[in-house]
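Chemist:
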Amino acid sequence: MAIIMKNILVLICLVFSLSVSAQKQNPPKILWKSIQSENFSVIFPTKIEAEAQRIANTLEWVYKFDTKTLNVKPKPVSLVLYNKSMTSNAYAA
Numbered sequence: 000m001a002i003i004m005k006n007i008l009v010l011i012c013l014v015f016s017l018s019v020s021a022q023k024q025n026p027p028k029i030l031w032k033s034i035q036s037e038n039f040s041v042i043f044p045t046k047i048e049a050e051a052q053r054i055a056n057t058l059e060w061v062y063k064f065d066t067k068t069l070n071v072k073p074k075p076v077s078l079v080l081y082n083k084s085m086t087s088n089a090y091a092a
């Protein structure tokens, strides 16, 4: 009976240790900004402001064509840009 309880305890510890590594947090020193456009809200760290502006402009440009083609008007969308967790896609890289 003690062996079964020991194995269950080890299994529980393994499961919880895997889920803890998935709980990553942002560093508190990151300063966030946002760009509000007519149809999008782009939230980003201050270091990538140029890229965020380019993305916001591109999204608005594409939005005009997509809504015209699809004949729909979706509600505004929030987009969060985050540059601290980029992992290369080995298949594409």
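So for the sequence shown, numbering that gives the first Met the number 0 puts the first residue at 0; every next one is plus one.
We treat Cβ as the ideally placed atom computed from N, Cα and C, and that holds for glycine.
Since the model is a prediction, treat every value here as computed from it, not as a measurement.
(1) Give the DSSP-derived three-state secondary structure of I29 in the structure shown.
(2) Thinking C-alpha only, which one of N25, F43 and L58 is nearest E37?
(3) Strictly by DSSP, which residues pair up with T42?
(4) Straight-line CA distance for Q24 to I34?
(5) Give every residue of the same chain whose Cβ lies closer than 6 Å to the Cβ of P73, excluding the five residues on either side of it in the sequence, and list them in chain order.
(6) Identify whether M4 lies in helix, strand or coil by the three-state DSSP scheme.
(7) Taking the alpha-carbon of S77 as reference, which of I2, L8, I3 and I42 has the nearest alpha-carbon?
(8) First and last residue of the alpha helix (DSSP H) that includes N56?
Modeler: Inspection of the coordinates gives the following:
(1) coil
(2) Distances from the alpha-carbon of E37 to those of N25, F43 and L58 put L58 closest.
(3) Residue identity check: residue 42 is Ile in the sequence provided, not Thr. Its beta-bridge partners are S33 and V79.
(4) About 23 Å.
(5) none
(6) helix
(7) For the residues I2, L8, I3 and I42, the minimum Cα distance to S77 belongs to I42.
(8) E48 to L69
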